[in-house]
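J.: Have a look at this one before I ask anything.
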Amino acid sequence: MAGPGKRGPRSKGPREVVFVKMHPELKAALYEAAAERGMTATDYVAQLVARDTGLVRFLKQQEVLPLQKSA
């Protein structure tokens, strides 16, 4: 349990559980791809579904980093 003044992770809003069966190689690829992007498998799948279905309001906006001009 969190002590005084400590909070858990910020809520991502309403969520429902979805159970998915897939081939073990797909599962491994899922976790690898999510890790490469610094995401959980759940967030990665949600982003794929949002992008594929056009539900863009659920897409996380990536932080845009300023690029330095090369010499």
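Quick note: the sequence shown uses this note's numbering, first residue 126, plus one each step. Built from N, CA and C at the ideal position, the CB exists for glycine as well.
How big is the Cα-Cα spacing for H148 and Q186?
T.: By 1-based counting over the sequence shown, the position of residue 148 is 23. By 1-based counting over the sequence shown, the position of residue 186 is 61. Going by the C-alpha atoms only, they are around 30 Å apart.
J.: Measure the C-alpha to C-alpha separation of R176 and R132 and round it to an integer number of angstroms.
T.: Within the sequence shown, the letter at position 51 stands for residue 176. Within the sequence shown, the letter at position 7 stands for residue 132. Roughly 31 Å separates the two Cα atoms.
J.: What residue range is occupied by the uninterrupted alpha helix (DSSP H) comprising E161?
T.: Taking the first residue of the sequence shown as position 1, residue 161 is located at position 36. Taken as a continuous stretch (DSSP letters only), the alpha helix (DSSP H) holding E161 covers 149-161.
J.: Please classify F171: is it buried, with 16 or more other beta-carbons within 10 angstroms of its beta-carbon, or exposed?
T.: In the sequence shown, residue 171 corresponds to position 46, counting from 1. Residue identity differs from the one stated: residue 171 is Ala in this sequence, not Phe. So A171 counts as buried.
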